[in-house]
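Everything on this sheet refers to the single structure shown next.
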(Lines of atoms letter the chains of each structure in order from A; the text may use other names.)
(Lines give C-alpha, C1' and ligand atoms only; values in the text may rest on other atoms or scores of the structure.)
Protein backbone atom coordinates (compact mmCIF):
# COMPACT_ATOMS: atom_id res chain seq x y z
CA UNK A 527 0.00 0.00 0.00
CA UNK A 528 1.65 3.27 -1.13
CA UNK A 529 1.53 5.20 2.15
CA UNK A 530 4.93 6.70 2.92
CA UNK A 531 6.01 8.09 6.28
CA UNK A 532 8.10 11.24 5.84
CA UNK A 533 10.41 13.33 7.98
CA UNK A 534 10.54 16.33 5.66
CA UNK A 535 8.14 17.95 3.24
CA UNK A 536 8.59 16.48 -0.27
CA UNK A 537 8.60 18.47 -3.47
CA UNK A 538 5.04 18.94 -4.67
CA UNK A 539 4.22 19.21 -8.36
CA UNK A 540 0.98 21.17 -8.35
CA UNK A 541 -0.91 21.72 -5.11
CA UNK A 542 -4.64 22.27 -5.60
CA UNK A 543 -5.42 23.09 -1.96
CA UNK A 544 -3.48 23.73 1.23
CA UNK A 545 -5.13 23.57 4.64
CA UNK A 546 -3.00 24.99 7.44
CA UNK A 547 -3.65 24.05 11.06
CA UNK A 548 -5.44 20.85 10.13
CA UNK A 549 -5.72 18.08 12.68
CA UNK A 550 -5.49 14.45 11.62
CA UNK A 551 -6.52 11.28 13.40
CA UNK A 552 -6.33 7.66 12.36
CA UNK A 553 -8.30 4.54 13.20
CA UNK A 554 -6.58 2.27 14.16
CA UNK A 555 -4.43 4.89 15.94
CA UNK A 556 -0.98 5.75 14.64
CA UNK A 557 1.58 8.14 16.11
CA UNK A 558 2.41 9.24 12.57
CA UNK A 559 -1.18 10.32 11.89
CA UNK A 560 -2.12 12.15 15.05
CA UNK A 561 -1.81 15.86 15.68
CA UNK A 562 -1.78 19.27 14.07
CA UNK A 563 -0.14 20.04 10.75
CA UNK A 564 -0.71 21.14 7.17
CA UNK A 565 -2.66 19.17 4.58
CA UNK A 566 -1.47 19.45 0.99
CA UNK A 567 -3.82 18.16 -1.70
CA UNK A 568 -1.47 17.82 -4.64
CA UNK A 569 -2.19 16.53 -8.12
CA UNK A 570 0.06 13.51 -7.53
CA UNK A 571 -0.58 12.68 -3.86
CA UNK A 572 -2.01 13.77 -0.54
CA UNK A 573 0.57 14.96 1.96
CA UNK A 574 0.18 15.78 5.64
CA UNK A 575 3.16 17.25 7.44
CA UNK A 576 3.85 18.84 10.81
CA UNK A 577 6.80 21.22 10.92
CA UNK A 578 6.67 21.11 14.72
CA UNK A 579 7.31 17.38 14.96
CA UNK A 580 8.98 16.95 11.53
CA UNK A 581 6.67 14.02 10.89
CA UNK A 582 4.01 13.29 8.35
CA UNK A 583 2.92 11.00 5.57
CA UNK A 584 2.24 10.87 1.85
CA UNK A 585 -0.60 8.89 0.23
CA UNK A 586 -1.00 7.95 -3.42
CA UNK A 587 -4.55 8.51 -4.66
CA UNK A 588 -5.34 4.90 -5.65
CA UNK A 589 -4.80 3.98 -1.99
CA UNK A 590 -7.78 6.16 -0.99
CA UNK A 591 -10.82 4.03 -1.77
CA UNK A 592 -13.39 6.42 -0.26
CA UNK A 593 -13.31 10.11 0.56
CA UNK A 594 -16.24 12.20 1.74
CA UNK A 595 -17.22 15.22 3.80
CA UNK A 596 -18.50 14.15 7.22
CA UNK A 597 -20.36 16.60 9.38
CA UNK A 598 -20.49 14.10 12.21
CA UNK A 599 -21.61 15.25 15.62
CA UNK A 600 -19.13 12.97 17.39
CA UNK A 601 -16.02 14.25 19.13
CA UNK A 602 -14.08 14.69 15.88
CA UNK A 603 -16.38 17.34 14.46
CA UNK A 604 -16.74 18.12 10.75
CA UNK A 605 -13.93 16.60 8.72
CA UNK A 606 -12.74 15.14 5.44
CA UNK A 607 -13.04 11.38 5.79
CA UNK A 608 -10.74 8.99 3.93
CA UNK A 609 -10.75 5.21 3.93
CA UNK A 610 -7.56 3.49 2.77
CA UNK A 611 -7.27 0.11 1.10
CA UNK A 612 -5.19 -1.33 3.93
CA UNK A 613 -3.69 -0.62 7.37
CA UNK A 614 -1.73 2.56 8.06
CA UNK A 615 2.01 2.08 8.70
CA UNK A 616 2.93 1.81 12.38
CA UNK A 617 -0.70 1.54 13.49
CA UNK A 618 -1.18 0.68 17.13
CA UNK A 619 -3.06 -2.62 17.14
CA UNK A 620 -5.56 -3.41 19.83
CA UNK A 621 -6.21 -6.91 21.13
CA UNK A 622 -9.43 -7.02 19.10
CA UNK A 623 -7.75 -5.98 15.84
CA UNK A 624 -5.11 -8.68 16.21
CA UNK A 625 -7.84 -11.28 16.13
CA UNK A 626 -9.36 -9.90 12.91
CA UNK A 627 -8.53 -11.34 9.53
CA UNK A 628 -5.63 -9.32 8.15
CA UNK A 629 -7.36 -9.03 4.77
CA UNK A 630 -10.25 -7.17 6.38
CA UNK A 631 -8.14 -4.49 8.04
CA UNK A 632 -8.19 -0.97 6.65
CA UNK A 633 -7.36 2.47 7.99
CA UNK A 634 -9.63 5.50 8.30
CA UNK A 635 -8.25 9.03 8.36
CA UNK A 636 -10.02 12.18 9.48
CA UNK A 637 -8.67 15.55 8.35
CA UNK A 638 -10.22 18.21 10.58
CA UNK A 639 -9.60 21.78 9.35
CA UNK A 640 -9.48 24.73 11.71
CA UNK A 641 -12.48 26.21 9.87
CA UNK A 642 -15.03 23.76 8.46
CA UNK A 643 -15.96 26.22 5.69
CA UNK A 644 -12.95 24.82 3.80
CA UNK A 645 -14.32 21.27 3.77
CA UNK A 646 -16.15 21.53 0.45
CA UNK A 647 -13.07 22.99 -1.24
CA UNK A 648 -10.91 20.24 0.26
CA UNK A 649 -13.31 17.60 -1.02
CA UNK A 650 -13.47 19.08 -4.53
CA UNK A 651 -9.69 19.34 -4.76
CA UNK A 652 -9.26 15.72 -3.66
CA UNK A 653 -11.94 14.55 -6.09
CA UNK A 654 -10.33 16.40 -9.00
CA UNK A 655 -6.86 15.07 -8.18
CA UNK A 656 -8.11 11.52 -7.66
CA UNK A 657 -9.62 11.63 -11.16
CA UNK A 658 -6.14 12.40 -12.50
CA UNK A 659 -4.73 9.28 -10.81
CA UNK A 660 -6.96 6.31 -11.64
CA UNK A 661 -6.27 2.94 -10.07
CA UNK A 662 -4.58 0.75 -12.69
CA UNK A 663 -5.86 -2.36 -10.87
CA UNK A 664 -9.47 -1.15 -10.69
CA UNK A 665 -11.87 -3.75 -11.97
CA UNK A 666 -9.36 -6.60 -11.58
CA UNK A 667 -11.04 -8.06 -8.51
CA UNK A 668 -12.41 -11.57 -8.74
CA UNK A 669 -16.09 -12.44 -8.70
CA UNK A 670 -15.58 -14.10 -5.33
CA UNK A 671 -14.38 -10.77 -3.89
CA UNK A 672 -17.62 -9.10 -5.00
CA UNK A 673 -19.69 -11.94 -3.60
CA UNK A 674 -18.35 -11.12 -0.12
CA UNK A 675 -20.35 -7.89 -0.27
CA UNK A 676 -23.21 -8.46 -2.67
CA UNK A 677 -25.12 -11.51 -3.78
CA UNK A 678 -24.21 -11.72 -7.47
CA UNK A 679 -26.35 -12.79 -10.43
CA UNK A 680 -23.73 -14.99 -12.05
CA UNK A 681 -25.07 -18.39 -11.07
CA UNK A 682 -25.31 -19.91 -14.55
CA UNK A 683 -21.67 -20.91 -14.86
CA UNK A 684 -21.10 -18.72 -17.90
CA UNK A 685 -17.72 -17.66 -16.53
CA UNK A 686 -16.71 -20.91 -14.86
CA UNK A 687 -13.34 -21.53 -13.32
CA UNK A 688 -12.56 -24.33 -15.80
CA UNK A 689 -12.89 -22.00 -18.75
CA UNK A 690 -10.72 -19.33 -17.15
CA UNK A 691 -8.04 -21.85 -16.22
CA UNK A 692 -7.78 -22.98 -19.84
CA UNK A 693 -7.48 -19.35 -20.91
CA UNK A 694 -10.04 -19.83 -23.67
CA UNK A 695 -12.81 -17.59 -22.39
CA UNK A 696 -11.09 -14.58 -20.80
CA UNK A 697 -13.01 -12.13 -23.00
CA UNK A 698 -16.36 -13.56 -21.93
CA UNK A 699 -15.91 -11.98 -18.50
CA UNK A 700 -15.68 -8.50 -20.03
CA UNK A 701 -18.94 -6.65 -20.57
CA UNK A 702 -19.34 -4.34 -23.52
CA UNK A 703 -21.57 -1.30 -23.34
CA UNK A 704 -24.30 -3.22 -25.13
CA UNK A 705 -24.10 -6.04 -22.52
CA UNK A 706 -23.98 -3.74 -19.52
CA UNK A 707 -26.72 -4.53 -17.01
CA UNK A 708 -27.42 -1.83 -14.42
CA UNK A 709 -29.45 -4.30 -12.36
CA UNK A 710 -26.18 -5.73 -11.07
CA UNK A 711 -25.62 -2.56 -9.04
CA UNK A 712 -27.34 -1.38 -5.86
CA UNK A 713 -29.04 1.90 -6.71
CA UNK A 714 -32.20 1.93 -4.60
CA UNK A 715 -33.18 1.09 -1.05
CA UNK A 716 -35.05 -1.99 -2.30
CA UNK A 717 -31.74 -3.45 -3.52
CA UNK A 718 -30.23 -3.44 -0.04
CA UNK A 719 -31.68 -6.90 0.60
CA UNK A 720 -29.08 -8.22 -1.85
CA UNK A 721 -26.26 -7.27 0.54
CA UNK A 722 -24.63 -10.04 2.50
CA UNK A 723 -24.29 -9.63 6.30
CA UNK A 724 -20.74 -8.41 5.73
CA UNK A 725 -21.93 -5.89 3.15
CA UNK A 726 -24.62 -4.60 5.49
CA UNK A 727 -22.03 -4.22 8.25
CA UNK A 728 -19.79 -2.16 5.97
CA UNK A 729 -22.72 0.01 4.89
CA UNK A 730 -23.79 0.63 8.49
CA UNK A 731 -20.26 1.68 9.41
CA UNK A 732 -19.96 4.12 6.50
CA UNK A 733 -23.35 5.64 7.31
CA UNK A 734 -22.18 6.17 10.90
CA UNK A 735 -19.16 8.25 9.82
CA UNK A 736 -20.57 10.02 6.77
CA UNK A 737 -23.43 12.24 7.84
CA UNK A 738 -25.76 13.58 5.18
CA UNK A 739 -26.76 17.28 5.06
CA UNK A 740 -29.88 18.09 7.03
CA UNK A 741 -31.49 19.91 4.09
CA UNK A 742 -32.87 17.71 1.32
CA UNK A 743 -33.29 18.78 -2.26
CA UNK A 744 -36.67 18.72 -4.00
CA UNK A 745 -37.63 15.32 -5.32
CA UNK A 746 -35.28 13.47 -2.98
CA UNK A 747 -35.91 9.94 -1.80
CA UNK A 748 -37.49 9.46 1.58
CA UNK A 749 -34.17 8.88 3.35
CA UNK A 750 -32.10 10.92 0.85
CA UNK A 751 -29.53 8.13 0.52
CA UNK A 752 -29.57 7.98 -3.26
CA UNK A 753 -29.87 11.69 -4.13
CA UNK A 754 -27.73 12.88 -7.01
CA UNK A 755 -25.08 15.43 -6.11
CA UNK A 756 -25.84 18.91 -7.32
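Numbering (the working numbering), first residue to last: 527 to 756. The beta carbon of each residue, even a glycine, is placed where N, CA and C say it ideally should be.
Within the model, the alpha-carbon separation for residue 634 versus residue 729 is close to 15 Å. Boundaries of the beta strand (DSSP E) harbouring residue 562: 561 to 568, taken from the DSSP string.
For residue 721, the secondary structure class from DSSP, reduced to helix, strand or coil, is strand. Taking a cut-off of 8 Å for Cβ pairs, the segment 540 to 547 and the segment 584 to 595 do not touch, as fewer than three such pairs fall below it. As a beta-bridge residue in DSSP terms, residue 572 pairs with 567, 585.
Counting only residues of its own chain and dropping the five nearest sequence neighbours on each side, residue 550 has a CB closer than 6 Å to the CB of 559, 574, 637. In the structure shown, residue 728 adopts helical secondary structure according to DSSP, grouped into three states. Residue 558 carries a helical assignment under DSSP once its states are collapsed to helix, strand and coil. Between residue 595 and residue 585 a beta carbon distance of about 18 Å is seen, past the 8 Å cut, so the two are scored as non-contacting. Going by C-alpha positions, residue 720 is about 13 Å away from residue 727. In the three-state reduction of the DSSP assignment, residue 645 falls in the helix class. Residue 568 counts as buried, since no fewer than 16 other beta carbons sit within 10 angstroms of its beta carbon.
Taking residue 733 as reference, the option from 613, 545, 648, 597 with the minimal CA-CA separation is 597. Contact between residue 545 and residue 565 is confirmed by a C-beta separation of about 4 Å, below the 8 Å threshold.
In this structure, DSSP gives residue 654 a helical state, which the three-state scheme calls helix.
Taking the Cα positions, residue 611 is about 6 Å away from residue 632.
When secondary structure is reduced to three states using DSSP, residue 634 falls in the strand class. A straight line joining the alpha-carbon of residue 580 with that of residue 722 spans about 44 Å.
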